[in-house]
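All remarks here apply to the structure that follows.
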Amino acid sequence: MISAGDFRNGITIEYENSIYQIIEFQHVKPGKGAAFVRTKLKNIISGGVVEKTFRPTEKCPQARIDRKDMQYLYADGDLFYFMDTENYEQVGLNSEKVGDALKFVKENEMVKVCSHNGNVFAIEPPLFVELEITETEPGFKGDTATGATKPATVETGATVNVPLFVDIHDVIKIDTRTGEYLSRV
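The following block contains the structure:
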């Protein structure tokens, strides 16, 4: 159990039969009346965000989220297969649970599979990936006054905006949280 006075960003709690992660919290002590904690909670299964207020002494059970490193093997139609590298057990997840998490992940790369009580609810890709550009328009010399970008398709099929000097077969580094180009490799 964790009291509302001890809330911190990133903590997961069980509240009203759902699992929530604390995105923001604020301790409020008004001039009149009792203090309270204002929070923004994200439902980790549905992704919805709600705002709730708690008394500082109110307690919630802390949810245990298991993050396991697994290797992404391949996609077969609507199913994505992952392998536990410790015991070589394979798990198939449907595209509803995977979502856009594998947009920048190649086959045989490691990802984190997040679960609560054995139920997988999300896939966390590595924070940064290096991918080769398979398709992009040529850039023009001298067209850099505005820091212009152009769309480029990487080897996983995802589209990223890159600077004009980046060309086909270049390997680039991408931030998977934002989908932004970081640098050439």
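Once you know that position 43 of the sequence shown is 888 in this note's numbering, the rest is easy, because the numbers rise by one and skip nothing.
Idealized CB from N, CA, C, for every residue including glycine.
Quick caveat: nothing in here was measured; it's all calculated off a predicted structure.
Query: Limits of the alpha helix (DSSP H) - the one that residue 975 falls within; Result: Careful: residue 975 lies outside any alpha helix (DSSP H), inside the beta strand (DSSP E) at 973 to 981.
Query: Spatially closest choice to residue 992 from 999, 1002 and 1007, by CA coordinates; Result: 1007
Query: For residue 940, the first and last residue of its enclosing beta strand (DSSP E); Result: No beta strand (DSSP E) contains residue 940, which is instead part of the alpha helix (DSSP H) from 940 to 943.
Query: Cβ pair residue 965, residue 917 closer than 8 Å; Result: no
Query: Validate contact between the segment 893 to 905 and the segment 857 to 873 using beta carbons, cut 8 Å, 3 pairs; Result: yes
Query: Touching by the beta-carbon criterion (3+ pairs, under 8 Å), the segment 880 to 887 and the segment 930 to 942; Result: no
Query: Helix, strand or coil at residue 1015 [DSSP, three-state]; Result: coil
Query: Alpha-carbon spacing of residue 954 relative to residue 1023, whole angstroms; Result: 19 Å
Query: C-alpha distance - residue 995 paired with residue 983, whole-angstrom precision; Result: 9 Å
Query: CB of residue 1013 within 8 Å of CB of residue 1028, strictly; Result: no
Query: Terminal residues of the beta strand (DSSP E) in which residue 955 lies; Result: 955 to 961
Query: Spatial distance of residue 1003 from residue 948 (CA atoms); Result: 6 Å
Query: Residue 923 - DSSP class collapsed to helix/strand/coil; Result: coil
Query: Status (buried if at least 16 other CB within 10 Å, exposed otherwise) for residue 924; Result: exposed
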